[in-house]
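Novice: Let me begin by handing over the structure; questions about it come next.
Residue numbers (full-length UniProt numbering): 1 to 210.
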């Protein structure tokens with residue numbers, strides 16, 4: 001493969017993101033018991049690529065990412081706790097992983113506690129992570145792979161400006177059915193243009209916030 005012009009900048013030594021209502025910080029071992037409240041919920045996991053998780057399941061799946069700020073390396077990635085600033089309650093988690101260093105592409109993932117939905121908090125958190133992916137990590141492109149029946153996540157991806165680039169019909173066997181996969185993406189240039197438009201008072205399309 002030909003060498004591409006993309007170069008991954010050095011990873012930050014620490015990462016903490018703040019929004020009007022949230023704090024996004026690196027996940028810690030101490031967060032895992034609280035994560036089971038939503039990652040252990042069958043309804044939450046209905047469209048996610050894993051069964052309801054115990055604390056040990058969570059450690060086995062993303063334990064290697066706890067405290068990590070680096071995307072590169074065989075098991076690189078960044079996992080963030082989504083904490084409500086008003087009461088310091090963990091309401092979900094985000095992950096930035098699966099780096100393709102040649103194309104400057106990484107994948108986003110999100111999981112939200114059901115009790116926190118319907119208030120725009122997931123959109124606020126994902127927006128902050130996308131901004132960091134492009135402006136802190138210098139990535140060129142982000143993708144999110146979503147179960148075709150997960151209308152809430154597809155709507156969230158659309159709200160933050162990710163377009164649906166592919167719809168793979170019955171791509172995998174999951175939860176007793178052949179599941180579709182919808183691949184969404186956004187480029188850094190598109191994100192910056194979107195943010196500049198928002199700053200100039202051009203608002204993105206309205207929609208219910210999750």
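Ideal placement from N, C-alpha and C gives every residue a C-beta, glycine not left out.
Please look up how many angstroms separate the CB atoms of residue 163 and residue 103, rounded, as I've assumed it's under 8 Å.
Specialist: Against the chain shown, residue 163 aligns to sequence position 163. Against the chain shown, residue 103 aligns to sequence position 103. Not quite, the Cβ-Cβ distance comes to about 17 Å (not below 8 Å), so this is no contact.
Novice: Of all the options 36, 11, 48 and 42, which has the alpha carbon lying nearest to the alpha carbon of residue 182?
Specialist: Reading the chain shown from its first residue, position 182 is the one you call residue 182. Answer by Cα proximity: 48.
Novice: Go ahead and pull the three-state DSSP assignment for residue 103.
Specialist: Position 103 of the chain shown holds residue 103. Coil, per DSSP.
Novice: With DSSP collapsed to three states, give me the class of residue 140.
Specialist: Taking the chain shown and counting its residues from 1, the one referred to as residue 140 is at position 140. Note: residue 140 maps to coil in three-state DSSP.
Novice: CA-CA distance, residue 42 and residue 200?
Specialist: Indexing the chain shown from 1 puts residue 42 at position 42. Indexing the chain shown from 1 puts residue 200 at position 200. Spanning the two alpha carbons is a distance of roughly 42 Å.
Novice: Could you check which residue in 9, 87 and 3 has the C-alpha nearest to that of residue 139?
Specialist: Residue 139 sits at position 139 when you count from the first residue of the chain shown. The shortest Cα separation from residue 139 among 9, 87 and 3 belongs to 9.
Novice: Just how far apart, CA to CA, sit residue 56 and residue 50?
Specialist: Locating residue 56 in the chain shown gives position 56, where the first residue counts as 1. Locating residue 50 in the chain shown gives position 50, where the first residue counts as 1. Answer to the nearest angstrom: the Cα atoms are 13 Å apart.
Novice: For residue 113, does the three-state DSSP call read helix, strand or coil?
Specialist: Looking up residue 113 in the chain shown gives position 113. Of the three classes helix, strand and coil, the one that applies to residue 113 here is coil, per DSSP.
Novice: With burial defined as no fewer than 16 other Cβ atoms inside 10 Å of the residue's Cβ, what is the status of residue 210: buried or exposed?
Specialist: Counted from its first residue, the chain shown places residue 210 at position 210. In this prediction, residue 210 scores a pLDDT of 46, lower than 50, which makes its location untrustworthy; no coordinate-derived value is stated.
Novice: Please work out which residues of its chain come closer than 8 Å, Cβ to Cβ, to residue 136, disregarding the five sequence neighbours upstream and downstream, and give them in chain order.
Specialist: Taking the chain shown and counting its residues from 1, one reaches residue 136 at position 136. So the list reads 12 and 15, once near-sequence residues are dropped.
Novice: Can you confirm whether residue 108, when its beta carbon is compared against all beta carbons of chain C, has any partner nearer than 7 Å?
Specialist: In summary, chain C is missing from the structure at hand, where a single protein chain is found.
Novice: If I'm right that residue 95 touches residue 39 with Cβ under 8 Å, what's the distance once you round it to whole angstroms?
Specialist: Walking along the chain shown from the start, residue 95 turns up at place 95. Walking along the chain shown from the start, residue 39 turns up at place 39. Not quite, the Cβ-Cβ distance comes to about 12 Å (not below 8 Å), so this is no contact.
Novice: At 4 residues or longer, what runs of the alpha helix (DSSP H) sit wholly inside the stretch 34 to 73?
Specialist: The stretch 34 to 73 contains these whole alpha helix (DSSP H) runs: 55 to 62.
Novice: On the three-state DSSP scale, how would you describe residue 184?
Specialist: One-based indexing of the chain shown puts residue 184 at position 184. Strand at residue 184.
Novice: At the level of alpha carbons, what is the spacing between residue 80 and residue 107?
Specialist: Numbered from 1 along the chain shown, position 80 holds the residue referred to as residue 80. Numbered from 1 along the chain shown, position 107 holds the residue referred to as residue 107. The alpha-carbon atoms of residue 80 and residue 107 are separated by roughly 14 Å.
Novice: Please work out which residues of its chain come closer than 6 Å, Cβ to Cβ, to residue 179, disregarding the five sequence neighbours upstream and downstream, and give them in chain order.
Specialist: To locate residue 179, count along the chain shown from 1; it is residue 179. Hits under 6 Å: 147 and 172.
Novice: Using a 10 Å radius around the Cβ and a threshold of 16 neighbouring Cβ atoms, would you call residue 113 buried or exposed?
Specialist: The residue you call residue 113 lines up with position 113 of the chain shown. The residue in question, residue 113, is buried, as its Cβ has 16 or more Cβ neighbours within 10 Å.
Novice: Can you check whether the CB of residue 82 is closer than 7 Å to the CB of residue 73?
Specialist: Here residue 73 corresponds to residue number 73 of the chain shown, with the count starting at 1. Here residue 82 corresponds to residue number 82 of the chain shown, with the count starting at 1. For residue 73 and residue 82, no; Cβs fall outside 7 Å.
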